Amino acid sequence: MVSHQDFERVSRQVRLNRGRTTISLERIYWQELEDIAHLSGWPMRRLLIAIERECQNALSNEGKKGRFNFSSALRVWFFDYRRR
1 MVSHQDFERV
11 SRQVRLNRGR
21 TTISLERIYW
31 QELEDIAHLS
41 GWPMRRLLIA
51 IERECQNALS
61 NEGKKGRFNF
71 SSALRVWFFD
81 YRRR
């Protein structure tokens, strides 16, 4: 059952390939990402790096370059992951 706490925004500072970044997501996304990392046998940092790379590759394939909002990209990635 979903509670109001699931919608609280949680910010975490993470070191990715490009350096430190702050990712702000609702608590429910962090919980789901932790579950995905656990099921894959990867640490959370490795999962986030893989997702970042996947998002950058998707943009490159569309001929787009530059930075993107990683928090938003994680939400989109999560829904795509759930459809797989």
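Number 56 in UniProt numbering belongs to position 56 of the sequence shown; there are no gaps in the numbering. In this text, a Cβ means the ideal position worked out from N, Cα and C, and glycines have one as well. This structure is a prediction, so every number in the text was calculated from the model and none was measured.
- When 35, 3, 18 are compared, the shortest CA-CA separation from residue 78 is found for 35.
- At the C-beta level, residue 12 and residue 22 come within 9 Å of one another.
- The continuous alpha helix (DSSP H) containing residue 40 extends over residues 27-40.
- Using a 10 angstroms sphere on the CB of residue 56, the tally of other CB atoms reaches 16 or more, which defines it as buried.
- In the structure shown, residue 10 adopts extended strand secondary structure according to DSSP, grouped into three states.
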